[in-house]
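Enquirer: Before I ask anything, here is the structure I am working with.
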Amino acid sequence: MELMNMGSEAGAGPLSGGRGCTVGGEEITSLVDRNLCDWMRSIRRALHRYPELAGREERTAALIAGELARLGIDCRTGLGGGTGIRAELGNPGPCIALRADMDALPIRELTGLDFASTREGIMHACGHDGHVAMLLGAAALLGRTGLPGRVVLLFQPAEEAGNGAARMIRDRVLDGVDMIFSGHIDTHHPVGFLVVDDGLICSYTDPFTIHIHGRGGHAARPHEAVDSVVVAANLVMNMQTLVSRQIDPSHAAVVTVGRIEAGTVHNAIAENAVLEGTVRSAHQDTRESILSGLRRVIHGASDMCNAEITLEFFDGLPAVINDPDATAIARRAAVAVVGPDQVISQGQPSLGGEDFAFYQQRVPGCMIRFGGQVTGGRKAGPAHSSRFDFSEDVLGYGAAWLATVARLALQRLAAAS
Ligand SMILES: [Zn+2]
Ligand SMILES: [Zn+2]
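Residue numbering for the sequence shown follows our numbering, beginning at 7 and increasing consecutively.
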């Protein structure tokens, strides 16, 4: 059995050493052949060339539905706000779901890849093109084996907007589902490594907007005005002390202001300013401390500067908390695919957010990470950057893990019922 290396960066396929994934007498990994990998790569590249923003994944959805039809798998389209897809395969019995996200980001691609985005200002900079290819790959693998239950495939829009999962759930995609799994490409780790952790793996996210209302005036006469730019600068610096001075240093947290807007011209004092940012925290008590601290900082700045300041929180994401039973199955599947030495821990929770958390509030679930570092001397930027890329060799591992975890979970659930 051999998992084919797909890219020119050979040597990134530790699974090809011969470890198999014996699941119910079948070796799913052995089914990951060059044809499957080439097919997944072509899907990934087609999606990469034509990225679509959250909630507008029309062509992406059409491509997925077309490939599912070719695989003989029925699906429901038009879900989760219009572009989500729920497909189902297998036999009566317990039911597990596998989820892939589909959307791209408003980022201008600068990778220089020959399959780079053809859409100005839009880019698959988080690997969701790979996730779709992997889930289709898993569907193809599962279709070739007998299943002791049903597998639901969820192609979810708008992960980056944070509302795709909730919309899919509203459209009842989890009806009858006993357990759910997903994975995310992670270029911090080499291909062939799978990152599996119990408990909290992705943080709470709390996006916020701050409106500062000062009083405009002449640049030369600040005493007649209330300078919103100075208030904003004050706020940004004071917010940084929340994490550094008010939170237990062993608890991960971040306050980032990602956008500031104020003023119109160099010689006038800005009347208004807007700050947009996000709070990330890995513990519920840390989260509450930061949110209340933010209110105090704003109160203080308002008093000190005589400005009117309002703080608005938007619906963020709950933390991704991996269920112990689902994680045990996820780990077994990972060991089956890459061997015990290449199943690793991320060490500490990521401060990234993931709307997979919404599914986990309904059914036990586990999300893992697929090592996807580019090799061969090629350089790539981090996720959410213009130069992001991953090694396409990860596609085979992702598909193998998804198919394996589905089978193992169904076997486990069928045995328990
Ligand atoms: Zn992302
Ligand atoms: Zn992502």
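Where a beta carbon is used, it is the ideal one built from N, C-alpha and C, also for glycine.
Check for me: the alpha helix (DSSP H) holding C43 runs from which residue to which?
Expert: On the sequence shown, position 37 is the one that residue 43 refers to. Looking at the DSSP string, the run of the alpha helix (DSSP H) that includes C43 is R40 to R55.
Enquirer: Less than 7 Å between the C-beta atoms of E73 and L142, yes or no?
Expert: What you label residue 73 is simply residue 67 of the sequence shown in a count that begins at 1. What you label residue 142 is simply residue 136 of the sequence shown in a count that begins at 1. Cβ atoms of E73 and L142: closer than 7 Å.
Enquirer: Please tell me whether, using a cut-off of 6 Å, the distance from the CB of C208 to the nearest non-hydrogen atom of ligand 2 is below it.
Expert: Sequence index remark: in the sequence shown, residue 208 carries index 202 (1-based). No, the Cβ of C208 stays beyond 6 Å of every heavy atom of ligand 2.
Enquirer: For H190, name the three-state secondary structure that DSSP assigns.
Expert: Here the question's residue 190 lines up with position 184 in the sequence shown. In this structure, DSSP gives H190 an extended state, which the three-state scheme calls strand.
Enquirer: Note down, one range per segment and in chain order, each beta strand (DSSP E) of at least 3 residues found wholly within the segment 65 to 128.
Expert: Listed in chain order, the complete beta strand (DSSP E) runs (minimum 3 residues) inside the segment 65 to 128 are 81 to 85, 90 to 96 and 101 to 107.
Enquirer: With the cut-off set at 7 Å, would you say N169 and V232 are in Cβ contact?
Expert: The count along the sequence shown starts at 1 and reaches residue 169 at position 163. The count along the sequence shown starts at 1 and reaches residue 232 at position 226. Contact: no.
Enquirer: Just to confirm, does C81 get its C-beta within under 6 Å of one of the non-hydrogen atoms of ligand 2?
Expert: Within the sequence shown, numbered from 1, the residue matching residue 81 stands at position 75. Checking the Cβ of C81 against ligand 2 gives no.
Enquirer: Quick check: the segment 46 to 60 against the segment 395 to 403, are at least 3 beta-carbon pairs closer than 8 Å?
Expert: yes
Enquirer: Verify the contact flag: I101, CB atom, against every heavy atom of ligand 2, threshold strictly below 6 Å.
Expert: Here residue 101 corresponds to residue number 95 of the sequence shown, with the count starting at 1. Residue 101 is actually Cys in this sequence, not Ile. Checking every heavy atom of ligand 2 against the Cβ of C101, none is found closer than 6 Å.
Enquirer: For E165 and A225, what's the separation of their Cα atoms in angstroms?
Expert: Working through the sequence shown from its first residue, we reach residue 165 at position 159. Working through the sequence shown from its first residue, we reach residue 225 at position 219. Whole-angstrom Cα-Cα distance: 44 Å.
Enquirer: State the start and end residues of the unbroken alpha helix (DSSP H) segment that holds G264.
Expert: In the sequence shown, counting from the first residue as 1, residue 264 sits at position 258. It is not in any alpha helix (DSSP H) - G264 instead sits in the beta strand (DSSP E) that spans A259 to A268.
Enquirer: For the segment 150 to 167 against the segment 300 to 320, are there 3 or more C-beta pairs whose distance is under 8 Å?
Expert: no
Enquirer: Should F187 be labelled buried (16 or more other beta-carbon atoms within 10 Å of its own) or exposed?
Expert: Taking the first residue of the sequence shown as position 1, residue 187 is located at position 181. It counts as buried.
Enquirer: Mark A421 as exposed unless 16 or more other C-beta atoms lie within 10 angstroms of its C-beta, in which case mark it buried.
Expert: Taking the sequence shown and counting its residues from 1, one reaches residue 421 at position 415. Exposed: under 16 other Cβ atoms inside 10 Å.
Enquirer: According to DSSP, is S22 helix, strand or coil?
Expert: The residue labelled residue 22 in the question sits at position 16 within the sequence shown. A caution first: S22 carries a pLDDT of 41, below 50, which makes its placement in the model unreliable, though a value can still be read off. Looking at S22 - three-state DSSP - the assignment turns out to be helix.
Enquirer: Do G133 and I191 have their C-beta atoms within less than 7 Å of each other?
Expert: Stepping through the sequence shown from its first residue, residue 133 is reached at position 127. Stepping through the sequence shown from its first residue, residue 191 is reached at position 185. Closer than 7 Å, so yes.
Enquirer: Compute every distance between the C-beta of C132 and the non-hydrogen atoms of ligand 1, then say whether any falls below 6 Å.
Expert: Working through the sequence shown from its first residue, we reach residue 132 at position 126. It does: the Cβ of C132 is within 6 Å (strictly closer) of some heavy atom of ligand 1.
Enquirer: P330 to G205, Cα distance in whole Å?
Expert: Locating residue 330 in the sequence shown gives position 324, counting from the first residue. Locating residue 205 in the sequence shown gives position 199, counting from the first residue. Between P330 and G205, the C-alpha separation is close to 7 Å.
Enquirer: Are the segment 321 to 339 and the segment 227 to 243 in contact at 8 Å, needing three or more beta carbon pairs?
Expert: no
Enquirer: Using CA atoms only, rank isn't needed, just tell me which of L85, T124 and H130 is closest to P388.
Expert: In the sequence shown, the residue the question calls residue 388 occupies position 382. The option with the nearest alpha carbon to P388 is H130.
Enquirer: Check whether the segment 244 to 263 and the segment 282 to 299 are in contact - that is, three or more C-beta pairs closer than 8 Å.
Expert: yes
Enquirer: Thinking just about the alpha-carbon of each residue, which of A144, E58, G222 and L59 is nearest to the one in A276?
Expert: Looking up residue 276 in the sequence shown gives position 270. Among A144, E58, G222 and L59, the Cα nearest to that of A276 belongs to G222.
Enquirer: Buried or exposed: where does H195 fall if 16 or more other Cβ atoms within 10 Å of its Cβ makes it buried?
Expert: One-based indexing of the sequence shown puts residue 195 at position 189. Per the 10 Å Cβ criterion, buried.
Enquirer: Below 6 Å, is the gap between the Cβ of E166 and the nearest heavy atom of ligand 1?
Expert: Translated into the one-based positions of the sequence shown, residue 166 becomes position 160. Because some heavy atom of ligand 1 lies under 6 Å away, the Cβ of E166 counts as near it: yes.
Enquirer: Could you tell me which uninterrupted beta strand (DSSP E) segments, each at least 3 residues in length, are contained entirely in the segment 288 to 330, listed from first to last along the chain?
Expert: 314 to 319 and 326 to 328
Enquirer: Can you check whether the CB of P100 is closer than 7 Å to the CB of G155?
Expert: Taking the sequence shown and counting its residues from 1, the one referred to as residue 155 is at position 149. Taking the sequence shown and counting its residues from 1, the one referred to as residue 100 is at position 94. It is a contact, given that the beta carbons lie within the stated cut-off.
Enquirer: Taking just the CA atoms, how far does L300 sit from V261?
Expert: Here residue 261 is taken as the residue at index 255 of the sequence shown, counted from 1. Here residue 300 is taken as the residue at index 294 of the sequence shown, counted from 1. So the alpha carbons of these two residues sit roughly 9 Å apart.
Enquirer: Tell me the DSSP secondary structure of T284 in three-state form.
Expert: The residue given as residue 284 occupies position 278 in the sequence shown. The answer is strand: DSSP assigns T284 an E or B state.
Enquirer: What does a CB cutoff of less than 6 Å around D135 pick up in its chain, not counting 5 residues either side in sequence?
Expert: Sequence index remark: in the sequence shown, residue 135 carries index 129 (1-based). R50, L53 and H54.
Enquirer: With H, G and I counted as helix, E and B as strand and the rest as coil, what does DSSP make of R413?
Expert: On the sequence shown, position 407 is the one that residue 413 refers to. R413: helix per DSSP, three-state reduction.
Enquirer: So, at 6 Å on beta carbons, what are the nonlocal neighbours of L419 in its own chain, with the 5 sequence-adjacent residues on each side left out?
Expert: Against the sequence shown, residue 419 aligns to sequence position 413. Cβ neighbours of L419 beyond the five flanking positions: P100 and D184.
Enquirer: With DSSP as the reference, please indicate the residues paired to L200 in a beta bridge.
Expert: As a working mapping, residue 200 is identified with position 194 in the sequence shown. Paired residues: V349 and F376.
Enquirer: Counting beta carbon pairs with one atom in the segment 200 to 220 and one in the segment 347 to 360, are three or more of them shorter than 8 Å?
Expert: Touching, per the Cβ criterion.
Enquirer: Using the three-state DSSP reduction, which class does L148 fall into: helix, strand or coil?
Expert: For the purposes of this step, residue 148 is taken as residue 142 along the sequence shown, with counting starting at 1. Helix at L148.
Enquirer: Check each candidate in V341, E58, G220 and A405 and name the one with the smallest Cα separation from S123.
Expert: What you label residue 123 is simply residue 117 of the sequence shown in a count that begins at 1. From the listed residues V341, E58, G220 and A405, the smallest Cα separation to S123 is found for E58.
Enquirer: Do the CB positions of L37 and R150 come within less than 7 Å of each other?
Expert: Taking the sequence shown and counting its residues from 1, one reaches residue 37 at position 31. Taking the sequence shown and counting its residues from 1, one reaches residue 150 at position 144. Yes, these two residues count as a Cβ contact at 7 Å.
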